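A short write-up of the structure that comes next.
Number of protein chains: 4
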Amino acid sequence: MDAFTPKPEDRFTFGLWTVGWQARDPFGDASRAPLDPVESVHRLAELGAYGVTFHDDDLLAVEPDRDRAVDAFKRALAGTGLKVPMATTNLFTHPVFKDGAFTSNDRDVRRYAIRKVMRNLDLAAELGATTYVCWGGREGAESDAAKDIRAALSRYKEAMDLLGSYVIDKGYDIRFAIEPKPNEPRGDILLPTVGHALAFINELEHADRVGLNPEVGHEQMAGLNFVHGIAQALWHGKLFHIDLNGQHGPKYDQDFIFGHGDVKSAFFLVDLLENGGYDGPRHFDYKPLRTEDASDVWDSAAANMRTYLILKEKSKAFRADPEVREALVNSRVGELAEPTLAPGETLADLEREDFDVDKLAERGFHFTRLNQLAIEHLLGVR
Amino acid sequence: MDAFTPKPEDRFTFGLWTVGWQARDPFGDASRAPLDPVESVHRLAELGAYGVTFHDDDLLAVEPDRDRAVDAFKRALAGTGLKVPMATTNLFTHPVFKDGAFTSNDRDVRRYAIRKVMRNLDLAAELGATTYVCWGGREGAESDAAKDIRAALSRYKEAMDLLGSYVIDKGYDIRFAIEPKPNEPRGDILLPTVGHALAFINELEHADRVGLNPEVGHEQMAGLNFVHGIAQALWHGKLFHIDLNGQHGPKYDQDFIFGHGDVKSAFFLVDLLENGGYDGPRHFDYKPLRTEDASDVWDSAAANMRTYLILKEKSKAFRADPEVREALVNSRVGELAEPTLAPGETLADLEREDFDVDKLAERGFHFTRLNQLAIEHLLGVR
Amino acid sequence: MDAFTPKPEDRFTFGLWTVGWQARDPFGDASRAPLDPVESVHRLAELGAYGVTFHDDDLLAVEPDRDRAVDAFKRALAGTGLKVPMATTNLFTHPVFKDGAFTSNDRDVRRYAIRKVMRNLDLAAELGATTYVCWGGREGAESDAAKDIRAALSRYKEAMDLLGSYVIDKGYDIRFAIEPKPNEPRGDILLPTVGHALAFINELEHADRVGLNPEVGHEQMAGLNFVHGIAQALWHGKLFHIDLNGQHGPKYDQDFIFGHGDVKSAFFLVDLLENGGYDGPRHFDYKPLRTEDASDVWDSAAANMRTYLILKEKSKAFRADPEVREALVNSRVGELAEPTLAPGETLADLEREDFDVDKLAERGFHFTRLNQLAIEHLLGVR
Amino acid sequence: MDAFTPKPEDRFTFGLWTVGWQARDPFGDASRAPLDPVESVHRLAELGAYGVTFHDDDLLAVEPDRDRAVDAFKRALAGTGLKVPMATTNLFTHPVFKDGAFTSNDRDVRRYAIRKVMRNLDLAAELGATTYVCWGGREGAESDAAKDIRAALSRYKEAMDLLGSYVIDKGYDIRFAIEPKPNEPRGDILLPTVGHALAFINELEHADRVGLNPEVGHEQMAGLNFVHGIAQALWHGKLFHIDLNGQHGPKYDQDFIFGHGDVKSAFFLVDLLENGGYDGPRHFDYKPLRTEDASDVWDSAAANMRTYLILKEKSKAFRADPEVREALVNSRVGELAEPTLAPGETLADLEREDFDVDKLAERGFHFTRLNQLAIEHLLGVR
């Protein structure tokens, strides 16, 4: 037991589909046997997790009878104290969703998709989940001729509005969290980034019930700065949930262990989450490498939590370091919180001001020193 | 004169900084002499353009006295009939903006930036511009330690709110159009995509006065589908202006001639602009290649317009082709406009419906045929 | 029947795994039934193909008995006249290859991999294949700690040298073609580009027997210009085979129909293949979209060939156009074939030459006109 | 003074153009004054560097008279003891090189380029440089119509062959190091990666005199693993020199401080350089951020060296850790150095071996534990 040993109060959660991934990939068959959700619950509890999350279909991994699968899952939760803060629907594996779920060109598919979500919302509520993630991985197209994007957004909105009403009518204490992704498995996916999803939410009937579940790797697949994306989501009050993992830039969706991708970005992300007002679960949505065996899987689950806690400690040390504080002042970082116009000042006042622009341009920002301090805290040499 | 010869009613416009680019790049000195804005106006008029657009500093290319530069420019406009539908501010070239303009950590710089915009808004109004583009190319950071992103978004909002008030107070018939970009010249730029900017606009005081000016290459630098982005902007009613050019995926900002990047995407873009309700200028924001001489520059300007008109003709033929219409039906493209719930239908009704999911999954979408028809129209073999 | 109807003399070939792809992807189950290789042979023959290619395991799609599967395949070939110019080994689907085949850290796996290739080389020779493709899709790593890259290259060389000797000893008329890919399914794959594979080949014992099988999408996944890559492969005399398909830049491996990705690049590729001395098969390695049904699959196969033939016609017209020829001269394209030193000239002579560099810099290259002519040929408006 | 204070024996070198960069970028004017090479030499010596490197034109930053500039530079070198292990030619800034230098379509330009290199080779030899870098940043094209790539490679070879002969004739102790880059400032650059350049070198007349100068950011702009690239270069015996800096994936060329990009990759790079037999200079080719003032520049230079030394210490600790050694064995990393065939064993022997493939597939590789140990060493928590 050290400072990096996870405890339930750290609120670490895992999707059943993460540790349970059998490692089937586009070029390969499964390299691991199916995993009983009951075992996952027990193992994650032993490792110090706070909770688990699930797709409807995840529960059926080893027990095809839904009622028995749910019962066994509930007993495991009761036995371990693990929570289910979030649930979601699998709207992508079955070939019926090959052209999308809420936005399939085929209206019958759209109808089935909504019904599938409703059914799992009932179970989510029953298990105490308060966040319901919507990843529209199949909502998209490979060809611009094949999809009327504006109609698709209207259907997407229709579905979200209907599901919002459903939850309200049932009296469920559930909010929705949309998970953006730019591509894969579709050539282009609708709501490809944090920004597109935030904009979309503004058009919804129950916009206050809908926020985001951004995933590290998804934004990085578009070469975007994930920390910036999360900051903007927080600024809009819409960071409802988060998916932590690792990725190496624009390529296939890698779902590495948290911190095993861009570790510097992971540091600043933890720094933001811990100091930026986010109080939801720290949810890992990663895949244990296909090279690993059943026992390595639990090492990988543990590595996610341990890396997070290491980075959390570093964030504390970074913020407490007097040299960092001085460097922040020298780089005028805090000055950005100051309004540009003073209280009571008008644009007319501003117009009268005289600027020596060339003089102003000479001021250095000294970001180098600040960056280097951050790197040295990350590397543990301060 | 053929069907592809541009006419003013086609509403093609060019930034003065496009044809006037001297081809200074990060590794090279200028390869062309400065170009007099007056010459640009005359040459573009001869080529069939509708108007020109400008940054405040563009006017000073060969005449450093602002009043005389403006006068000469006005006379050229009057002499040719060219319009100025859009104007913008250069908030990036001078080193004073090295850490941003509206979101520089240095409050004095932020104040200067707002004043610089106000001054050019007056000129924009005087010249009849109704759109004012804001490209925040320097609003960003290279290090996550150096910039408080949430504070930056608040300052960005403060600036947009102040400028909105300024325009309203002055009674100008001007709307703002934010131009997103993911990176370059900053490591990461704020409001990196169409989506992020759309979301931001929703938080503004004068949100109805603020829309987008998306640029082809900027979205493609993030590997995003530009046609999807424009469709979403239209869906939100926020496509106020557009920057047309060419790019080859995630790399430096290439600003090629329109259609000289991803020509298939350019075809679907023209198809959407011509049929999707956009009625603003078709604005080219490209750079003539650095290899080219002063005379090649005008060939490049002409090539933008000609390519657009060629693609416009193709869009018409594509939409009129009976085989395309049949293929659209077979691919159920129109079916997506149909609400998923029927009028009067409830979720309770839907819950009672019986779905044979495996049967449903067997339906093919026949997108291949539709895509191939589009390709063949693009290639001119139908 | 038109000019774009494929005929066997066009030498179009398809992998059995292309039309036979059941559309299992990282997030989804199969959307199509397994396809009998015998049916594929007959359908491709009807469509005008020249031949088929196969992985050892492809033959077992519907007939698990290898001997019977091979017999049925041979009868179909005999019945249709289709050739098998190329064969290859599946060293990626079975979980035994999870850390690679020739370069797995596990020596037993490496031994098995070599044996699996040898066995299929015998069949390849028996079926008349003269090219044997090696795609090392699993040769790579997700972590720099886990793989000794120099040792891996030595093992890769060992395997290629052994297989080269095997083919020579058996007297097979077979050359090897290495297929580079940057990533997916591994985080980073060895020999990631055309360049890396060309360099590697130089170190092989039987280097003259080993060349390349570059794939359009693989190079484009690294943002590289495929036409440049093929030109360099030709320059080295190493273009032994080619995989044609479509891709939209750095993202997951899309394997679209040829021309359905970057169609401008496809045009210049066909132009190079037809005029650059390549005389091997035009091999399509694509995947029919997952949205498509069994019948759409054949439309997709036909679309590959038809698009190639369309682009071939355009290449002819482009090269024959007198305006293009003039533009090529004006852009000094042919001048590059002229040696920089004249025959008999020495560096000492060159040192004495006087250059007016600024004058020289004024010459424009007029590439704009040339590019636009190419675009207009592509679009079929010339 | 601590373990991370650089000393000349660490062999750190800097390009004059790095600290001397005035921060002119594609969208902005210089933010810093020109820097006297003499000052750079003195400051770098004080910081603990071993040497400096230069382009011919760098020397003229503040003293336009070449002879006086060279004299002043020599005196500074003599006064500080700094070495000049490498030199290079600027073949990209002047507009004469707008279509390339050795491969410009314009033969007169090609001739001038060769002469410019010869002249600076004389100075390089005089100053004791033993490596001469060739970065062909302008050798490339924006359009496939405009450049005959095979002819370009022949001209590239002609130039390298001539320069090789020149150096041999003069008796200079100089080797050439080609620096690959995929794009920027050209749309596509010839020899875009480590692999392409390695392949090219094999065709040269004086191939033994020509190796590589790979740059961290250049390979990462193509999404490639730089550590893999360096390992392959070492495997071929061609790592003659190296450019260290930082980059965040496929976007514009960022030239960050070493370690300020992908710091995990930087760790494995240092680990490879220190243990892999490279004994050349550790050369930094970075740009101080444009936000920084004249004094920040020296902080940035120091940060490069300090970060390298920190990572070097970590590499030592990682390799010495008994748990790491055990993990390496468990992951069979060393087993890859073992030949796949035993001494004396034949393929016929291998054919007789019996494999239980499914059994073999069950072995886990335990890479997770190894990766996590590496991460924890990097983060300084072991």
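Protein chains in written order, with this note's numbering: chain A, 1 to 382; chain B, 383 to 764; chain C, 765 to 1146; chain D, 1147 to 1528. For every residue, glycine included, the Cβ atom is placed at its ideal position computed from N, Cα and C. Quick caveat, the model's predicted, so the values are computed rather than measured.
If you draw a straight line from the alpha carbon of Lys934/C to that of Gly928/C, how long is it in whole angstroms? On the third sequence, residue 934/C is found 170 positions in, with the first residue counted as 1. On the third sequence, residue 928/C is found 164 positions in, with the first residue counted as 1. The alpha-carbon atoms of Lys934/C and Gly928/C are separated by roughly 10 angstroms.
Whether Leu347/A touches Tyr548/B by CB criterion (7 angstroms): On the first sequence, position 347 is the one that residue 347/A refers to. On the second sequence, position 166 is the one that residue 548/B refers to. Yes.
Could you give the residue range of the alpha helix (DSSP H) that holds Ser1036/C? Within the third sequence, residue 1036/C is the residue found at index 272, counting from 1. Per the sequence shown, the amino acid found at residue 1036/C is Leu instead of Ser. 1027-1039 is the span of the alpha helix (DSSP H), which, as asked, contains Leu1036/C.
Measure how close the beta-carbons of Thr1151/D and Gly1194/D come, nearest whole angstrom, since I'm counting them as under 8 angstroms. Counted from its first residue, the fourth sequence places residue 1151/D at position 5. Counted from its first residue, the fourth sequence places residue 1194/D at position 48. 6 angstroms between Cβ atoms; contact.
Are the CB atoms of Ala963/C and Ala1345/D within a distance shorter than 7 angstroms? Here residue 1345/D refers to the residue found at position 199 of the fourth sequence. Here residue 963/C refers to the residue found at position 199 of the third sequence. At the C-beta level, Ala1345/D and Ala963/C come within 7 angstroms of one another.
In terms of residue numbering, what span does the alpha helix (DSSP H) encompassing Phe455/B cover? Locating residue 455/B in the second sequence gives position 73, counting from the first residue. Residues 448-462.
Can you list, in chain order, the residues of its chain whose CB lies under 8 angstroms from that of Asp1171/D, leaving out five sequence neighbours each side? For this step, residue 1171/D is matched to residue 25 along the fourth sequence. Cβ within range, chain order: Arg1436.
Inspect the beta-carbon positions of Ser40/A and Leu77/A and report whether they are closer than 7 angstroms. Translated into the one-based positions of the first sequence, residue 40/A becomes position 40. Translated into the one-based positions of the first sequence, residue 77/A becomes position 77. No. Outside cutoff.
Give me the subset of the region 552-566 of chain B whose CB atoms are less than 9 angstroms from a CB atom of chain D, sorted by chain position. Answer in chain order: Pro564, Asn565, Glu566.
Terminal residues of the continuous beta strand (DSSP E) containing Tyr896/C? Here residue 896/C is taken as the residue at index 132 of the third sequence, counted from 1. Where Tyr896/C is concerned, the enclosing beta strand (DSSP E) stretches over 895-899.
Would you identify the three-state DSSP class for Arg306/A, choosing helix, strand or coil? Numbered from 1 along the first sequence, position 306 holds the residue referred to as residue 306/A. It is helical.
Under three-state DSSP, which class holds Leu594/B? On the second sequence, residue 594/B is found 212 positions in, with the first residue counted as 1. It is a strand residue.
Can you tell me whether Ile201/A is buried or exposed, with buried defined as 16 or more other CB within 10 angstroms of its CB? For the purposes of this step, residue 201/A is identified with residue 201 of the first sequence, where counting begins at 1. Burial check for Ile201/A: the Cβ neighbour count within 10 Å reaches 16 or more, so the residue is buried.
Select from the region 949-967 of chain C all residues with a C-beta closer than 8 angstroms to any C-beta belonging to chain B, and list them in chain order. none
N- and C-terminal bounds of the alpha helix (DSSP H) containing Arg1046/C: The residue given as residue 1046/C occupies position 282 in the third sequence. Looking at the DSSP string, Arg1046/C is not in any alpha helix (DSSP H); the run it does join, the beta strand (DSSP E), is 1046-1048.
I want to verify the contact list: residues of chain F whose CB lies under 7 angstroms from the CB of His1012/C, in sequence order. Judged by its chain identifiers, the structure shown contains no chain F, and its protein chains are A, B, C and D.
Among the candidates Arg1509/D, Gln1518/D, Lys1458/D, whose CA atom is the shortest distance from the CA of Gly259/A? Taking the first residue of the first sequence as 1, we reach residue 259/A at position 259. Out of Arg1509/D, Gln1518/D, Lys1458/D, Gln1518/D has the C-alpha closest to the C-alpha of Gly259/A.
I want to see whether chain C comes within less than 7 angstroms of Asp1500/D, judged by CB atoms only; does it? Mapped onto the fourth sequence, residue 1500/D falls at position 354. By this cut-off, Asp1500/D is not an interface position.
Since I believe Tyr278/A is in contact with Leu234/A (beta carbons under 8 angstroms), could you give me their beta-carbon distance rounded to a whole number of angstroms? The residue given as residue 234/A occupies position 234 in the first sequence. The residue given as residue 278/A occupies position 278 in the first sequence. Contact flag correct, Cβ pair sits at about 7 angstroms.
If you compare alpha carbons, which of Glu9/A, Ser154/A, Phe256/A, Asn225/A is closest to His369/B? What the structure shows of chain B is the stretch from 383 to 764, and residue 369/B is not part of that stretch, so it cannot be assessed.
Strictly under 7 angstroms for the Cβ-Cβ distance: is Pro477/B near chain D by that measure? Looking up residue 477/B in the second sequence gives position 95. Yes, contact with chain D.
Would Ala1368/D be called buried (16 or more neighbouring beta carbons within 10 Å of its own) or exposed? Numbered from its first residue, the fourth sequence carries residue 1368/D at position 222. So Ala1368/D counts as buried.
I'd like to confirm the pairing. Which residues does DSSP put opposite Ala87/A in its beta bridges? For this step, residue 87/A is matched to residue 87 along the first sequence. Beta-bridge pairing links Ala87/A to Phe54/A, Tyr132/A.
May I ask which residues mark the beginning and end of the beta strand (DSSP E) holding Gly577/B? Residue 577/B sits at position 195 when you count from the first residue of the second sequence. Element bounds for Gly577/B: not the beta strand (DSSP E) but the alpha helix (DSSP H), 576-583.
Let me make sure I understand the geometry here. Which of Leu723/B, Glu597/B, Gln404/B, Gly658/B has the alpha-carbon closest to that of Pro670/B? Here residue 670/B is taken as the residue at index 288 of the second sequence, counted from 1. It is Gln404/B whose Cα lies nearest to the Cα of Pro670/B.
Host alpha helix (DSSP H) of Thr400/B (start-end): Here residue 400/B corresponds to residue number 18 of the second sequence, with the count starting at 1. DSSP places Thr400/B inside the alpha helix (DSSP H), whose first and last residues are 398-401.
Which one of Gln254/A, Ala151/A, Pro343/A, Ala159/A has the shortest CA to CA distance from Gln614/B? Your numbering for residue 614/B matches position 232 in the second sequence. That would be Ala151/A, whose Cα lies nearest to the Cα of Gln614/B.
Using a C-beta to C-beta distance shorter than 8 angstroms, which residues of chain D count as neighbours of Ser295/A? Here residue 295/A refers to the residue found at position 295 when the first sequence is read from its first residue. Gly1510, listed in chain order.
DSSP bridge partner residues for Thr777/C (one or two, in chain order): Mapped onto the third sequence, residue 777/C falls at position 13. Answer is Gly815/C, His1047/C.
Consult DSSP for Phe990/C and reduce its assignment to one of helix, strand or coil. Locating residue 990/C in the third sequence gives position 226, counting from the first residue. It is helical.
Find out if the Cβ-Cβ distance for the pair Val357/A, Ser315/A is shorter than 7 angstroms. As a position in the first sequence, residue 357/A is number 357, starting the count at 1. As a position in the first sequence, residue 315/A is number 315, starting the count at 1. Not a contact, by the Cβ cut-off of 7 angstroms.
Classification of Lys498/B by the beta-carbon crowding that lies within 10 angstroms, buried from 16 upward: Within the second sequence, the letter at position 116 stands for residue 498/B. With 16 or more Cβ atoms within 10 Å of its Cβ, Lys498/B is classed as buried.
Using beta carbons (cut-off 7 angstroms, strictly below), is Phe818/C in contact with chain D? Here residue 818/C refers to the residue found at position 54 when the third sequence is read from its first residue. Chain D contact via Cβ: absent.
Please check if any C-beta of chain A sits within less than 7 angstroms of the C-beta of Gly1405/D. Your numbering for residue 1405/D matches position 259 in the fourth sequence. Yes, its Cβ sits closer than 7 angstroms to a Cβ of chain A.
Is Arg751/B close to chain A, meaning its C-beta is less than 7 angstroms from at least one C-beta of that chain? Walking along the second sequence from the start, residue 751/B turns up at place 369. Not one chain A Cβ lies under 7 angstroms of Arg751/B.
Between Ala1218/D and Val1255/D, how many whole angstroms is the CB-CB distance? I'm expecting something under 8 angstroms. Here residue 1218/D corresponds to residue number 72 of the fourth sequence, with the count starting at 1. Here residue 1255/D corresponds to residue number 109 of the fourth sequence, with the count starting at 1. Taking C-beta atoms under 8 angstroms as the contact rule, Ala1218/D and Val1255/D fail to qualify, at a distance of about 31 angstroms.
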